[in-house]
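Take a look at the structure below.
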Amino acid sequence: MSRADRGWTLAVVCAATALLLLDVTVVNVALPAIRADVDASFSELQWVIDAYALMLAVTLLSAGSLADRVGRRRVFVAGVVVFTAASTLCALAWSAVALDLARGLQGIGAAAMFATSLALLAEEYSGADRGRAFGIWGAVSGAALAIGPLVGGALVDGFGWRWIFWLNLPIGIALALVAARALRESRDPAAGHLDLPGAAAFSAGIFLVVLALMRGNADGWDNPLVVACLVGGPLALAAFVAIELRVAHPMLDVRLFGRRAFSGTALVAFVQSVALYPMFLFLAIYFQDELGYTPLETGVRLLPVTVTLFVFAPISGRLTGRVSLRTLLTVGLVLIGAGLLLMRGLDDGGDWTALLPGLLVGGAGIGTISPALAAAMVGVLPVERSGLASGINNTFRQVGIAAGIAGLGAIFQHRLASDGFVAGLDRIFLVAGVLALAGAAIAVVLLRADDFGTQADGG
57 MSRADRGWTL AVVCAATALL LLDVTVVNVA LPAIRADVDA SFSELQWVID
107 AYALMLAVTL LSAGSLADRV GRRRVFVAGV VVFTAASTLC ALAWSAVALD
157 LARGLQGIGA AAMFATSLAL LAEEYSGADR GRAFGIWGAV SGAALAIGPL
207 VGGALVDGFG WRWIFWLNLP IGIALALVAA RALRESRDPA AGHLDLPGAA
257 AFSAGIFLVV LALMRGNADG WDNPLVVACL VGGPLALAAF VAIELRVAHP
307 MLDVRLFGRR AFSGTALVAF VQSVALYPMF LFLAIYFQDE LGYTPLETGV
357 RLLPVTVTLF VFAPISGRLT GRVSLRTLLT VGLVLIGAGL LLMRGLDDGG
407 DWTALLPGLL VGGAGIGTIS PALAAAMVGV LPVERSGLAS GINNTFRQVG
457 IAAGIAGLGA IFQHRLASDG FVAGLDRIFL VAGVLALAGA AIAVVLLRAD
507 DFGTQADGG
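First residue of the sequence shown? That's 57 in our numbering, and the numbers climb one at a time after it.
What follows is the structure, encoded as structure tokens:
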């Protein structure tokens, strides 16, 4: 492809990725308004976030596998169409349940877009250009998640929460039209048949585990439904492993986890998401419910994350071809962990500026890790399997978001009931910070400088 054609590919992929990631955090500042409008419970509010992240997670592997077989452009465009249609249903939702269901469908469309994004870039770029493209993609990804609260706050204050979803309609239509014309089709010629039993077992296992975490505090951990989910989820995941070891064309070759780089990258992606992204949900509720800020004022107070992210992401992107990915991933997680721990020690009725050091350090961490993680995701497998590689690692990211919201939400609710909101927030800052530092240790132990071959190092 010409430089101009590759530029169109990068622009389309980055725009679509920004759109789907915005819908992870853009909704956070709208949750109080949604709760008032549709009379939602705390659990239903969690599902507004988790239904999207969960369905994105459980369908990413299938979408990546399907894209390698039938064509990445085809699956990407189909994902944009589904995402746009589901956004319209979200905007029209008349109840919390209707909104949660529409968000789940939106997550399926986002999975098709997300699973193919890095594969499309890896197909068109090589050498140092690939490193720069991944750097841009990583910067856009991190910025979209960080700037979501500000965009959401402006829309909620100015037009109402439904406009968070109405805005996706014209953007989605434009993206589908441009993608159909600008993207070059690619696929894996060695791909086999779809692994439907594996997809079903994986989806059931992840869903049941997250459901148990979501309902444990509300219904009691000895509730029959919660116990059934806690038992059934791991059993379904065990069945998934057994299926993948036996089928001719597995959706996920679990033997890949025998490679230190592969398992290390997946764990880093998971831990980063568990530790970091649920924080936007809890901070948005804290700013509005505890400190009385409007949605837009909440978004403004999260801008320090965005500013430092924009400073550090381009630097990290340029370093992906010169510094080992292990170093960048480790530094990013250490900064994220330090940022979370710095946000501890809030007082009831205190000022939001107490969070400022943690927000700045955390934003630097996101900017550092995002481009490096993008490069690592597709660097663990050959380029012809980049759809599978990005799908697997993005699956771990989204499972991390879903599990983080559910798990940290359970910790928060337990602490809230006995000690109050600020105490609950303080506890999840501690847990998330420790998890991020543990992720840094995982990167040091499992990853090596030469683990990622030419895709990640600019060769």
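Each residue gets a CB set at the ideal place from its N, CA and C atoms; glycine is no exception.
Taking the alpha-carbon positions, what's the M111 to V478 distance? Translated into positions along the sequence shown, residue 111 becomes position 55. Translated into positions along the sequence shown, residue 478 becomes position 422. Those two C-alpha atoms are separated by around 31 Å.
DSSP-derived helix/strand/coil call for A72: In the sequence shown, residue 72 corresponds to position 16, counting from 1. A72 falls in the helix class under three-state DSSP.
Inter-residue spacing [alpha-carbon to alpha-carbon] between I299 and A499: For this step, residue 299 is matched to residue 243 along the sequence shown. For this step, residue 499 is matched to residue 443 along the sequence shown. I299 and A499: Cα-Cα distance of roughly 29 Å.
Might you give, ordered along the chain, the residues of its own chain that have their beta carbon closer than 6 Å to the beta carbon of F326, omitting 5 neighbours on each side? In the sequence shown, residue 326 corresponds to position 270, counting from 1. Excluding positions up to five away in sequence, the list reads F452, G456.
Let's see if you can read the secondary structure: which residues bound the alpha helix (DSSP H) around M169? By 1-based counting over the sequence shown, the position of residue 169 is 113. Its alpha helix (DSSP H) spans residues 152–180.
Quick one: give me the first and last residue of the alpha helix (DSSP H) that A394 is part of. Within the sequence shown, the letter at position 338 stands for residue 394. That run of the alpha helix (DSSP H) goes 381–398.
Leaving out the 5 sequence neighbours to the left and right, which residues in its chain are closer than 8 Å to A466 when beta-carbon positions are compared? One-based indexing of the sequence shown puts residue 466 at position 410. Closer than 8 Å at Cβ, skipping near neighbours: L269, M270, G272, N273.
Among the candidates G63, T172, S143, A71, whose CA atom is the shortest distance from the CA of N450? Counting from one through the sequence shown, the residue named residue 450 turns up at place 394. It is T172 whose Cα lies nearest to the Cα of N450.
Figure out for me which residue from F366, F338, V234, R483 has the closest Cα to the Cα of R400. Numbered from 1 along the sequence shown, position 344 holds the residue referred to as residue 400. It is R483.
Backbone secondary structure at R316 - three-state DSSP: Taking the sequence shown and counting its residues from 1, the one referred to as residue 316 is at position 260. Helix at R316.
For L332 and I392, what's the separation of their Cα atoms in angstroms? Counting from one through the sequence shown, the residue named residue 332 turns up at place 276. Counting from one through the sequence shown, the residue named residue 392 turns up at place 336. Distance between the alpha carbons of L332 and I392: 7 Å.
Closest to A166 by C-alpha separation, out of V69, L286, G127, P88, would be which residue? Sequence index remark: in the sequence shown, residue 166 carries index 110 (1-based). Among V69, L286, G127, P88, the Cα nearest to that of A166 belongs to V69.
Secondary structure of Y342, DSSP reduced to three states: Locating residue 342 in the sequence shown gives position 286, counting from the first residue. Y342: helix per DSSP, three-state reduction.
Residue span of the alpha helix (DSSP H) that contains V136, given as start and end: Residue 136 sits at position 80 when you count from the first residue of the sequence shown. 128–148 is the span of the alpha helix (DSSP H), which, as asked, contains V136.
Measure the C-alpha to C-alpha separation of D513 and S426 and round it to an integer number of angstroms. Sequence index remark: in the sequence shown, residue 513 carries index 457 (1-based). Sequence index remark: in the sequence shown, residue 426 carries index 370 (1-based). Model confidence at D513 stands at a pLDDT of 39, short of 50, so the residue's coordinates are unreliable; what they give is reported in the following sentence. So the two alpha carbons sit approximately 15 Å from each other.
Report the residue from A232, F263, V363, A260 whose alpha carbon sits nearest the alpha carbon of V137. Residue 137 sits at position 81 when you count from the first residue of the sequence shown. Of A232, F263, V363, A260, the residue nearest in Cα terms is A232.
Exposed unless 16 or more other CB atoms sit within 10 angstroms - verdict on F215: As a position in the sequence shown, residue 215 is number 159, starting the count at 1. Looking at its Cβ environment, which holds fewer than 16 other Cβ atoms inside 10 Å, F215 is exposed.
For the structure I just gave you, are there three or more beta carbon pairs, one from the stretch 129–143 and one from the stretch 251–266, closer than 8 Å? no
Do Q454 and L116 come within 8 Å of each other at the CB atom, strictly closer than that value? By one-based count along the sequence shown, residue 116 stands at place 60. By one-based count along the sequence shown, residue 454 stands at place 398. Yes, they are a contact pair.
For R91, the first and last residue of its enclosing alpha helix (DSSP H): Position 35 of the sequence shown, counted from the start, is the residue given in the question as residue 91. Run containing R91: 87–94, per the alpha helix (DSSP H) assignment.
Tell me whether the beta-carbon of I220 lies closer than 8 Å to the beta-carbon of G208. As a first step, residue 220 is located in the sequence shown; it is residue number 164 there, counting from the start. As a first step, residue 208 is located in the sequence shown; it is residue number 152 there, counting from the start. Result yes, Cβ atoms of I220 and G208 sit closer than 8 Å.
Give, in chain order, every unbroken run of the alpha helix (DSSP H) that is at least 4 residues long and sits entirely within the stretch 183–241. 183–214, 219–222, 224–238
Quick check on this structure: which residue in A462, A494, S197 has the alpha carbon closest to the alpha carbon of I262? To locate residue 262, count along the sequence shown from 1; it is residue 206. Ranking the options by Cα distance to I262, first place goes to A462.
Just checking, does the stretch 103–110 make contact with the stretch 157–164 on the three C-beta pairs under 8 Å criterion? yes
Under 7 Å Cβ to Cβ from T510, same chain only, skipping five residues before and after it: list those, please. Translated into positions along the sequence shown, residue 510 becomes position 454. No answer about T510 holds up, because its pLDDT of 43 lies below 50 and its placement is not dependable.
Apart from the five residues just before and just after W64, which ones in its own chain have a Cβ nearer than 6 Å to its Cβ? The count along the sequence shown starts at 1 and reaches residue 64 at position 8. These residues qualify, in order along the chain: A238.
Three-way DSSP call (helix, strand, coil) for T376 in this model: Position 320 of the sequence shown holds residue 376. DSSP places T376 in coil when its eight states are reduced to three.
F366 and A168 closer than 8 Å at C-beta: Looking up residue 366 in the sequence shown gives position 310. Looking up residue 168 in the sequence shown gives position 112. Against a cut-off of 8 Å, the Cβ pair of A168 and F366 comes out as no contact.
Could you have a look at M523 and say whether DSSP puts it in helix, strand or coil? The structure shown does not extend to residue 523, since the chain spans only 57 to 515, so no value can be given for it.
Quick check on R357: does DSSP put it in helix, strand or coil? Taking the sequence shown and counting its residues from 1, one reaches residue 357 at position 301. Correct three-state label for R357: helix.
Under 8 Å between the Cβ atoms of P360 and L415? For the purposes of this step, residue 360 is taken as residue 304 along the sequence shown, with counting starting at 1. For the purposes of this step, residue 415 is taken as residue 359 along the sequence shown, with counting starting at 1. Going by C-beta atoms, P360 is nearer than 8 Å to L415.
Below 8 Å, can you find three or more Cβ-Cβ pairs linking the stretch 415–424 to the stretch 382–391? yes
Reference L375, options A189, G163, L412, H305, closest by Cα: Here residue 375 refers to the residue found at position 319 of the sequence shown. It is A189.
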